[in-house]
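*Asks:*
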Amino acid sequence: MAGLGQTLGRAATWPLTLAARAVDPPLRAWQRRTGTGGMAAVFLAPNLLIFSVFVLVPLVLNFAYSMTGGTGILLGQRPFVGAEQYARLLECQDYTRPITCREDQFWTAVGNTAQFVIFQVSLMVVVSLITALILNRDIRGRSFFRAVFFFPVLLSPVVVGLIWRWILQRQGLLNLIMVKLGLEPEVWLNDRVYAFAATIGVSTWAHMGFYTLILLAGLQAIPRDLYEAAEMDATPPGRVFWRITLPLLGPNLAVVLVLALIRGVQIFDEAYVLTGGGPGTSTLYLTQYIYESGFASLLREPGLAAAASILMGAVLVVLTLIQLWLSRRAEGRKAR
Amino acid sequence: MGRIVLDGITKSFGATQVIHGIDLEIEEGELAVFVGPSGCGKSTLLRLIAGLDRPTSGRIEINGRDVTRASAADRGLAMVFQSYALYPHMTVRQNLSFGLENTRMPKPEIAERIDEAGRMLEIGELMERRPTQLSGGQRQRVAIGRAIVRNPTAFLLDEPLSNLDAELRGTMRAELARLHARLATTMVYVTHDQVEAMTLADKIVVLRGGRIEQVDTPLGLYNRPQNLFVAGFIGAPNMNFFRVRATGGQAELPGGLSLAVPGEGEVTVGIRPQGLHLATGDGPALEVVIRLVEALGAETVVHADAADGTPVVTVLSGQPSLAAGQPIRLAFDADAVHFFGADGMRLEA
Ligand SMILES: Nc1ncnc2c1ncn2[C@@H]1O[C@H](COP(=O)(O)OP(=O)(O)OP(=O)(O)O)[C@@H](O)[C@H]1O
Ligand SMILES: [Mg+2]
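From first to last, the protein sequence lines are chains A and B.
One point on numbering: in the working numbering, the residue at position 98 of the first sequence is 1533, and numbering is uninterrupted.
One point on numbering: in the working numbering, the residue at position 303 of the second sequence is 451, and numbering is uninterrupted.
#1: What span of residues does the beta strand (DSSP E) with F1579(A) cover, start to end?
#2: Near D453(B), which residues of its chain fall below 8 Å by C-beta distance, leaving aside the five closest residues on each side in sequence?
#3: Rounded to the nearest angstrom, what separates G1773(A) and A1476(A) at their Cα positions?
#4: Starting from N243(B), trace the alpha helix (DSSP H) both ways and give me its first and last residue.
#5: Excluding the five sequence neighbours on either side, which residues of its own chain have a C-beta within less than 8 Å of the C-beta of V1700(A), listed in chain order?
#6: Flag S310(B) as yes if its beta-carbon sits less than 9 Å from any beta-carbon of chain A, otherwise no.
#7: Might you give, ordered along the chain, the residues of its own chain that have their beta carbon closer than 7 Å to the beta carbon of T1543(A), omitting 5 neighbours on each side?
#8: Is it the case that the CB of S231(B) approaches a heavy atom of ligand 4 more closely than 8 Å?
#9: How would you label L305(B), buried or exposed, when you count the other beta carbons within 10 angstroms and need 16 or more for buried?
#10: With burial defined as no fewer than 16 other Cβ atoms inside 10 Å of the residue's Cβ, what is the status of Q1676(A): buried or exposed?
#11: Listed in chain order, which residues of the region 1550-1580 of chain A have Cβ atoms closer than 8 Å to some Cβ of chain B?
#12: Note down the Cα distance separating T1448(A) from R1463(A), rounded to an integer number of angstroms.
#13: If you draw a straight line from the alpha carbon of L470(B) to that of H451(B), how long is it in whole angstroms?
#14: Is the Cβ-Cβ distance between V1595(A) and A1641(A) less than 9 Å?
#15: Note down, in chain order, every chain A residue with its Cβ under 8 Å from the Cβ of L225(B).
#16: Going by other Cβ atoms of all chains shown within 10 Å of its Cβ, with 16 needed for buried, is F1579(A) buried or exposed?
#17: Closest Cβ-Cβ distance between G1504(A) and chain B: below 9 Å?
#18: Since S465(B) is in the beta strand (DSSP E), which residue starts that stretch and which ends it?
#19: Can you tell me the Cα-Cα spacing of R1467(A) and A1455(A), whole angstroms?
#20: For G431(B), tell me which candidate among L464(B), V441(B) and R477(B) has the shortest Cα-Cα distance.
#21: Check whether the region 405-415 of chain B touches the region 370-381 of chain B, counting contact only when three or more Cβ pairs, one atom from each stretch, lie closer than 8 Å.
#22: What in chain B is Cβ-close to R1763(A), meaning under 9 Å?
#23: Given 8 Å as the limit, tell me if V338(B) has its C-beta closer than that to any heavy atom belonging to ligand 1.
#24: Just to make sure I have the definition right: I need the residues of chain B whose C-beta is within less than 9 Å of the C-beta of I1485(A). Which are they?
#25: Do we get a CB-CB distance below 9 Å when we pair H425(B) with the residues of chain A?
#26: Distance cutoff 9 Å, beta carbons only. Does F229(B) sit that close to anything in chain A?
#27: Go to V354(B), then tell me how far its alpha helix (DSSP H) extends in each direction, as first and last residue.
#28: E496(B) to F487(B), Cα distance in whole Å?
#29: Among R372(B), A479(B) and D171(B), which has the Cα closest to the Cα of R494(B)?
#30: Per DSSP, what kind of secondary structure is S186(B) in: helix, strand or coil?
#31: Using a C-beta cutoff of 9 Å, does E1619(A) count as contacting chain B?
#32: From T1634(A) to G1711(A), what does the alpha carbon distance come to, in whole angstroms?
#33: Taking I1598(A) as the reference, which of R1575(A), R1627(A) and D1704(A) has the closest Cα?
#34: Would G1653(A) pass as an interface residue toward chain B - the criterion being a Cβ-Cβ separation below 9 Å?
#35: Using a threshold of 9 Å, state whether the C-beta atoms of V417(B) and V485(B) are closer than that.
#36: Can you give the Cα-Cα distance for T204(B) and L154(B), rounded to whole angstroms?
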């Protein structure tokens, strides 16, 4: 019987053995030529290839497109126009009134995104901090609640958007409940303010578990005896929070803030599924503008979309650098 | 101010009981030391006194006031943690003032108290530094300073010196003794270091498995240990024990040396290593064979085995010329001998 098992096992690994035999001679030859240092390149190559094909090349292409005009799809069919697309996007009489800008939709999206980011990030930081503080206490069913708050993070953004559309639409769950309770139903997603608030609320709900987790880790890293020392010092709970918890959570809060900012600027999928940018353009955010002007509108303008995405990318690069700097500083502080 | 009374204290964590009925009085101004093996409940007992944990049953009194249900904040005690528990994001000055600010003490008085503590502990120049910029010994001083400025009814210290190296521990120990003499405040001190316990304590509380084994002065414990555990725990090297059978008030040590014993049947004879010395003359003596010689200069520690294999340790003064494998004869004075009955309790001679 053992013999059969061994045979089967060998049969199962046979293809692997074959493959290993096949790649062995060229790898050996390569190593003889380049030494062990050269082997690093071999193992990094697949990842570098993927990175190039899906990130680096598109990035360069995108930059190239942003310098071209017309409605052609292939780069060869598009005339070079230099920085004209950027000039178009930036041309404006009064930046506070998108209607006076040449590409008014772009500036509407910029304004909406800015408002979204301000409200959503503030809400996100506060809500995830409160949740983390509660989950950090010795409450009954703590692991259950941790799972509950983290669960939405696992959902696809499209699913999140769909769920909430079913809840908020004209004949959705919320209105059903309101009617049952004898209240006037409301067309939530057709109201500028409600729709805007819905995109904020839904995206916060969908991602807060992630930020809560970061803050929870930070809270748990604060030594318990500091709280006991504060207790011996007769410190009121409010003062414990402001003078001990918050300062020691600072690095984690900073990371949460910047990560939420970066993801806030990129807001797209769940908001697009939920409101489609409407009503009107009241929830039209930057990524949706880029997507529509480049791919989905009647008059496709890949050059304009590329330029807009480069501008947005510049903002994100700045935010990412801040985030890297902050997390490095936090690590440095921990190491000390 | 600062008399602490524990009355029938027990503590269970879930189903495990770790403190089994402690009755203890710590007098005003006294320095009481809790010693005992790891896990015997020293820290737990201290935390119960501090109010960081609540006893399962029993009463705690401070200055005649029942504080069993009072919060830590209400007890007027200050604690020095083993880890120091300094606030890492605050300067030394902020660490010291933090607790005082909670009491709404006027600023000038806070500054005055901090200055005084700074002078007393020689941390005046460190005031603007953060804990990460201090050495272990300096952190220790700041932790003590944070307790001192509060002017507490009593200090609670949980192994405050255990994170320091041997030399610094010696210095800080002397400093703590000086501080206690100067402040004359009650202190409860947890340690597993015998030397700390012996040198600092007015009163030593020996704990084992959540029970008190003996409470006495350091010399009282050393000279009259009430049971085998205390006898073996206090004093270094450990006391030598010989198990003998006593009949008619007499028993024989391994090797044939007979001595008068206050008991019958199974008796343990205990002799401290310092109580044994080389026998002179041919009279009856304890005959052993040397296994190991540790010459420390001023004294020599000799590890040997009696005829029946019982290990015997003796500390001889000076540098006698001895070698492993050599048989020697040991003598002792009658008053250096302790007797314990079959139940492990002391038998009075
Ligand atoms: N929070 C807790 N939950 C459960 N068991 C605990 C808890 N705290 C302490 N114990 C148990 O109580 C016993 C006494 O612990 P304690 O910390 O008081 O010992 P200790 O004498 O201070 O030991 P050490 O010298 O190692 O510090 C130990 O067996 C420990 O496992
Ligand atoms: Mg302890």
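The beta carbon of each residue, even a glycine, is placed where N, CA and C say it ideally should be.
*Replies:* The answer reads as follows:
#1: Element bounds for F1579(A): not the beta strand (DSSP E) but the alpha helix (DSSP H), R1577 to L1589.
#2: Cβ neighbours of D453(B) within its own chain (closer than 8 Å, five residues either side excluded): V436, V437, R439, P459 and V460.
#3: No answer is possible for residue 1773(A): the residues shown for chain A start at 1436 and end at 1771.
#4: V240 to N250
#5: T1548, V1552, L1721, M1747, V1750, L1751 and L1754
#6: Cβ-Cβ to chain A under 9 Å: no for S310(B).
#7: P1533, T1716 and L1719
#8: Ligands present in the displayed structure are limited to ligand 1 and ligand 2, and ligand 4 is not among them.
#9: Taking all protein chains shown into account, L305(B) has 16 or more neighbouring C-beta atoms within 10 Å of its C-beta and is therefore buried.
#10: Before going on, a small fix: residue 1676(A) reads as Phe here, not Gln. Of the other Cβ atoms in all chains shown, fewer than 16 fall within 10 Å of the Cβ of F1676(A); this residue is therefore exposed.
#11: Those would be none; no residue qualifies.
#12: Straight across, the Cα-Cα distance linking T1448(A) with R1463(A) is about 22 Å.
#13: Distance between L470(B) and H451(B), taken at the CA atoms: about 11 Å.
#14: yes
#15: M1667
#16: exposed
#17: Using a Cβ-Cβ cut-off of 9 Å, G1504(A) does not count as an interface residue toward chain B, since no Cβ of chain B sits closer than that to its own.
#18: P459 to S465
#19: 18 Å
#20: Comparing Cα-Cα distances from G431(B) to each of L464(B), V441(B) and R477(B), the minimum goes to R477(B).
#21: no
#22: Here the premise fails: no neighbours, minimum Cβ distance about 17 Å.
#23: Yes, Cβ of V338(B) sits closer than 8 Å to a heavy atom of ligand 1.
#24: Neighbours of I1485(A) on chain B: none; closest Cβ ~42 Å, over 9 Å.
#25: H425(B) does not count as touching chain A.
#26: yes
#27: Counting along the chain, V354(B) falls outside any alpha helix (DSSP H), though it belongs to the beta strand (DSSP E) covering K351 to R356.
#28: 7 Å
#29: R372(B)
#30: coil
#31: It does not; no Cβ of chain B falls within 9 Å.
#32: Rounded to the nearest angstrom, the two C-alpha atoms are 10 Å apart.
#33: Relative to the Cα of I1598(A), the nearest Cα in the group R1575(A), R1627(A) and D1704(A) belongs to D1704(A).
#34: no
#35: In this structure, V417(B) places its C-beta atom within 9 Å of the C-beta atom of V485(B).
#36: 13 Å
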